[in-house]
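Trainee: Sharing a structure below in structure tokens format, with a few things to ask.
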Amino acid sequence: MRLTHRWMRVVDVRGHGVCGEGVEALRVTQVRGLIVVSSSSDGGWLFKGDTPPLPLSALDELLAETVRRVKAA
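Numbering of the sequence shown is given in the working numbering, commencing with residue 3 and proceeding in unit increments.
This is the structure we're talking about:
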């Protein structure tokens with residue numbers, strides 16, 4: 003399953019309402035009864051930093067590599 007969710011909400015910061023927004027991407031699959039979840043997110047006033055968001059293609063590649071390793075185990 004591939005899911006991308008964009009969100010916006012008001013968060014309380016030191017007694018003041020601040021608009022926070024962001025995007026989350028989830029990838030979920032089942033391998034041999036094991037559920038594998040990969041996710042990446044960006045946004046929100048708390049999440050601003052030097053780390054760039056993970057590209058969706060990299061997220062898909064990581065999930066595929068995890069599936070290959072689980073099947074090989």
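Each residue gets a CB set at the ideal place from its N, CA and C atoms; glycine is no exception.
Below 6 Å CB to CB, which residues in the same chain sit around Arg-71 once its five sequence neighbours on both sides are set aside?
Mentor: Excluding sequence neighbours, Arg-71 sits near nothing in its chain.
Trainee: Ala-27 and Ser-41 - do their beta-carbons sit closer together than 8 Å?
Mentor: Closer than 8 Å, so yes.
Trainee: Count the other CB atoms within 10 Å of the CB of Arg-29; is the residue buried (16 or more) or exposed (fewer)?
Mentor: Looking at its Cβ environment, which holds 16 or more other Cβ atoms inside 10 Å, Arg-29 is buried.
Trainee: Based on DSSP bridge pairs, tell me the residues matched to Val-30.
Mentor: According to DSSP, which records beta bridges pairwise, Val-30 is partnered with Val-39.
Trainee: Using C-beta distances below 6 Å, list every residue in its chain close to Val-38, excluding the 5 sequence neighbours before and after it, in chain order.
Mentor: Excluding residues within five positions, the ones whose Cβ falls inside 6 Å are Thr-31 and Thr-68.
Trainee: Report, in whole angstroms, the separation of the C-beta atoms of Gly-24 and Ser-43, which I expect to be a contact under 8 Å.
Mentor: That pair is a contact at about 6 Å.
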